[in-house]
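This report refers to the structure that appears directly beneath it.
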Amino acid sequence: MLTCREAEKMVMPYIDEQLSEKELDDFLEHIQGCHSCREELEIYYTVYVGLRQLDSGTGIFDIAGALEDSLDLAWLKVRAARLRRIISYAVEALCATGVVTTLLLQVRIWLQTGFLR
Ligand SMILES: [Zn+2]
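The numbering of the sequence shown is our numbering, which starts it at 113 and goes up by one.
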């Protein structure tokens, strides 16, 4: 679990989409449970997106909604990454089981054919 200090340092990288999958995972977990960091994110996001709109000259825009969308998307990314990790563990476990089974069958064949006696 991140401390508030660590989470605060990740607010700008989050907005710039520069967090790694692992960092994003930790950051979202923290934001979900910590009201003050969530507020911090909202303030930075509003200012940052607001400034960008001033630059580009686009009109009225739902900034709070944009943050919600951004967080939804980030959660999807994190969930996909978690799922990928689980699948790769499962595949590794299956491979290991396959190797062990093959070895045991081979040993049995050797025992039956008298090779190991
Ligand atoms: Zn916090």
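Glycine included, every Cβ here is placed at the ideal spot set by N, Cα and C.
Given this structure, state the Cα-to-Cα distance separating residue 161 from residue 121, to the nearest angstrom.
So the two alpha carbons sit approximately 18 Å from each other.
Which word fits residue 228, buried or exposed, when buried means at least 16 other C-beta atoms lie within 10 angstroms of its C-beta?
Its Cβ having fewer than 16 others within 10 Å, residue 228 is exposed.
Contact test: residue 207 Cβ vs ligand 1 heavy atom, cutoff 7 Å
Not one heavy atom of ligand 1 lies closer than 7 Å to the C-beta of residue 207.
Whole angstroms is fine: what's the gap from residue 215's alpha carbon to residue 204's?
In a straight line, the C-alpha of residue 215 is about 17 Å away from that of residue 204.
Using alpha carbons as the reference points, say which of 200, 178, 117 lies closest to residue 143.
Comparing Cα positions, the closest option is 117.
What do you get for residue 178, buried or exposed, if any count of 16 or more other CB atoms within 10 angstroms of its CB means buried?
Residue 178 should be labelled exposed.
Check whether residue 189 and residue 136 have beta carbons under 8 Å apart
Yes, the Cβ-Cβ distance between residue 189 and residue 136 is below 8 Å.
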